[in-house]
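In order, the protein sequences belong to chains B and U. The first sequence begins at 82 in our numbering and counts up one residue at a time. The second sequence begins at 3 in our numbering and counts up one residue at a time. Here is the structure we will look at, set down as structure tokens.
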Amino acid sequence: MLGKVTLMDFLSMGREVPGHKPWPRFQLDLPGWRAFEDRLAAADWVLMAEWAEPNEVHALFRDDENETLAVVSHSCVNQRFVGLAKRRPAAIRLERAIHDLYGLAPQGLADQRAWLDHGRWAVKHPLGSPRAYDGGPYPYAFRTAEGEGLHQIPVGPVHAGIIEPGHFRFHAQGETVVRLEERLGYVHKGVEGLMQGKPIADAARIVGRVSGDSTVAYALAFARAVEAALGIEAPPRAVWLRALMAEMERVANHLGDIGAICNDAAFAIMLSHLSVLRERVLSANAACFGHRLLMDRVVPGGVAVDLGEGCRNDLHKVLHTLRKDFRRAMVLYEETPSLLDRTTGTGIVTAALAHRFGAGGYVGRASSRAYDSRKFPGYAPYDDLDFDIPVRAEGDVHSRILIRAEEVTQSLNLIDQILARLPAGPIAVPLPLRAGEGVAVAESFRGEVVMWLRLSEAGKVVRCHPHDPSWFQWPLLEAAIEGNIVADFPIINKSFNCSYSGHDL
Amino acid sequence: MIPPIAHLFARHLIKGAYTEAAPEPSAEGLAELADEFAAEARGRLGRSLAIREVDAGSCNACELELHAVNNPVHDLERFGIKFVASPRHADVLLVTGPVTHNMAEALRRTWDATPAPKWVVALGDCGRDGGCFAGSYAVVGGVSAVLPVDLHIPGCPPAPRDILAGLLALLRHVGG
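Spelled out as structure tokens, the structure:
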């Protein structure tokens, strides 16, 4: 094919599945899927998520040039499919996970090691055609680095701090890291399996606990996907309250993380100062919405609690002083050379890698990748609000901190606008009983959360796949640490702050 | 020029500490601990506890609130309770999450590495019985499915004051 082919042009050769909202879903047969995989070499369509069902693989793609999104599906023949990982390396771990959970074998995938399945479950392929397993844990062959004076440092799954479990295998020469390889999957809880067949409300509770720090973003993506599938819309007040909660969550996480990054450079006062500010946000959440982390506050159809008029004024006051105190803390950061010395030039992610892996959030935006799902594909009420997406090019720890700091400021501005213009009216609509398929994207503090689901006429979840932004960020951490010293790993890792739980599902 | 850190310190001096008053030890916690009273261990640790936190499958919300317990507002360390980096330095294992099959062995090994006398605290609703993750092929269950649990601190996630109240109950129990 010559010339530019758009994603929609290309997919129109497949069969469009009726009732998939808001973006279309196309089924491709074997030649079609092969041609699609081939086309990915030339096209710059962005992979946003890849998941499976017992005999089908799906992937959500975005065509930036034409501002379109579409789900591509392919029914597997003999439990096999042509993998996309050769064209989109971000898919490597996703396809390893698909094989573990569904038993669908990705063809052409160089890395055949199990990923989420450590050989510790009583079943193999639990979501495909399960079969009993009691052969004990699998060995895991870490990639090696060879040369004089190289040594290995195994770390985890239980780490030294209060953090989630994962294993890091370092190959180091003296102090310098030559290679890092991650092994994850320790907190795999079987979320997709648990959601199958659950009523929407029960599934919403689980989805709010996929990654606790992003509970609002997950609940929002799930609610929007359900509403898309059912063809309903949440009332305006609910839409604005959701955005308010999402921005409160973003501010709280950035505050805590900026402090924690500085703490990993032994500059504890930033953590103390910023965790006091974070505490103010969480206390305000508890006072206004009844939960510090806002769990179960965004629900399909709307929101679970309304914001009282008194709370609205209190929130205004809290955020006003917060803005001043935050600025003061950032001046401290920017004027402490010994701290900047640790963060500047440390843990660099090149723009090329960020684009290649489609990394979102501050990891992408600190490395020239100007993408935010609140802008595109965009969702209400952000199309009606004024905010900027900060972007930097250096890709080091310092720029990730500055991106986050700027996002705090932007979010505080957004909250001001939301509080000033919050529409009146009901906060939820009832859900009709209807079958359908829906997909949604919501911007968490970490990047875009993708949610795909299929509902039955009985109001149950047939299938649901939550996709965490960390999938596309974890691999970059391995690249960012290369050539840095071992002692800088905590600060680099914290500047990413990928979710273990969201990734492991 | 006055360095920005001096501004911060001056402000703290003038305005005083952020720390809130301590909660009472949790009554439910004391009741649960009394049932599992270990007389020989009582008083051996004085009024100090070293805690090793283990995430055995949590969604990371419990971890966020554990961080909050350490912040200047809740300031856990004023009670002589602190989090340590190794189970070999710990008196208490504080375990979060439904225990996943992929973490069960790591959790057991962490317990084996903790010197006696030792206590286990299960934090959060998942730690009690697996919470909304119970019944999955990938989940063993609550913490007590793998380790003997002395104290449960419920909540999803428990608020920092609830965590403080629970740990203060444990401290009273252990310290005699």
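Think of the CB as a built atom: it goes at the ideal place given N, C-alpha and C, for glycine as much as any other residue.
| chain B partners of Thr-116 of chain U, CB-CB under 8 Å? | The premise fails here: Thr-116 of chain U is roughly 11 Å from chain B at the closest Cβ pair, so nothing lies under 8 Å.
| request: Given a cut-off of 9 Å, decide if Val-122 of chain U and Pro-160 of chain U are closer than it, judged by their beta-carbon atoms. | output: no
| query | With 16 as the cutoff for other CB atoms within 10 Å, does Met-82 of chain B come out buried or exposed? | reply | Below a pLDDT of 50, predicted positions are generally treated as unreliable, and Met-82 of chain B, at 48, falls in that range; the measurement from the model is reported next regardless. Burial call: exposed.
| message | Assuming Trp-113 of chain U is part of the alpha helix (DSSP H), what are its boundary residues? | response | 103-114
| said: Give me the subset of the stretch 248-281 of chain B whose CB atoms are less than 9 Å from a CB atom of chain U, sorted by chain position. | reply: Gly-266, Tyr-267, Val-268, His-269, Lys-270, Gly-271, Val-272, Gly-274, Leu-275
| field | Any chain B beta carbon closer than 9 Å to Gly-144 of chain U | value | no
| Less than 9 Å separating the beta-carbons of Glu-488 of chain B and Val-258 of chain B? | no
| Of all Cβ atoms in chain B, is any one closer than 9 Å to the Cβ of Ile-7 of chain U? | yes
| Taking the alpha-carbon positions, what's the Ile-573 of chain B to Ala-33 of chain U distance? | 44 Å
| request: Please say whether Leu-265 of chain B and Trp-321 of chain B have beta carbons closer to each other than 9 Å? | output: no
| request: Determine whether the Cβ of Glu-67 of chain U lies closer than 9 Å to any Cβ atom of chain B. | output: yes
| task | Could you pull out every residue in the same chain whose Cβ sits closer than 6 Å to the Cβ of Asp-131 of chain U, ignoring the five residues on either side in sequence? | result | Gly-144
| query | Quick one: does Pro-74 of chain U have its CB under 9 Å from some CB of chain B? | reply | yes
| query | Using Cβ-Cβ distances below 8 Å, what residues of the stretch 132-159 of chain U are close to chain B? | reply | Gly-133, Cys-134, Phe-135, Gly-137, Ser-138, Tyr-139, Ala-140, Val-141, Cys-158, Pro-159
| request: Write down every uninterrupted run of the beta strand (DSSP E) in the stretch 150-197 of chain B whose length is 3 residues or greater and which is fully enclosed by it, in chain order. | output: 161-163, 186-188
| With distances taken between CB atoms, is the gap from Tyr-267 of chain B to Gly-59 of chain U smaller than 9 Å? | yes
| task | Decide yes or no for the touch test of the stretch 351-362 of chain B against the stretch 402-410 of chain B: beta carbon pairs closer than 8 Å, at least 3 of them. | result | yes
| request: Can you grab the Cα-Cα spacing for the pair Val-332 of chain B / Gly-217 of chain B, in whole Å? | output: 44 Å
| field | Selected residue, minimal CA-CA separation from Leu-172 of chain U, among U:Ser-50, U:Arg-111, U:Asp-57, U:Ala-87 | value | U:Ser-50
| Are the CB atoms of Tyr-183 of chain B and Asp-198 of chain B nearer to each other than 9 Å? | no
| task | Compute the beta-carbon to beta-carbon distance between Val-56 of chain U and Leu-95 of chain U, rounded to the nearest angstrom, for a pair I have assumed lies under 8 Å. | result | 6 Å
| request: Might you give, ordered along the chain, the residues of its own chain that have their beta carbon closer than 8 Å to the beta carbon of Val-158 of chain B, omitting 5 neighbours on each side? | output: Leu-111
| query | Is it right to say Met-351 of chain B is buried, meaning 16 or more other beta carbons lie within 10 angstroms of its own, or is it exposed? | reply | buried
| query | Do Arg-455 of chain B and Tyr-463 of chain B have their C-beta atoms closer together than 9 Å? | reply | yes
| said: Using C-beta distances below 6 Å, list every residue in its chain close to Arg-174 of chain U, excluding the 5 sequence neighbours before and after it, in chain order. | reply: Pro-27
| Proximal residues to Pro-238 of chain B (C-beta, below 7 Å), its chain only, five neighbours per side dropped | Pro-246, Gly-247, His-248, Tyr-267
| query | Any contact of the stretch 502-509 of chain B with the stretch 308-324 of chain B, i.e. 3+ C-beta pairs under 8 Å? | reply | yes
| said: Does the contact criterion of 3 or more C-beta pairs under 8 Å hold for the stretch 160-179 of chain B versus the stretch 115-135 of chain B? | reply: yes
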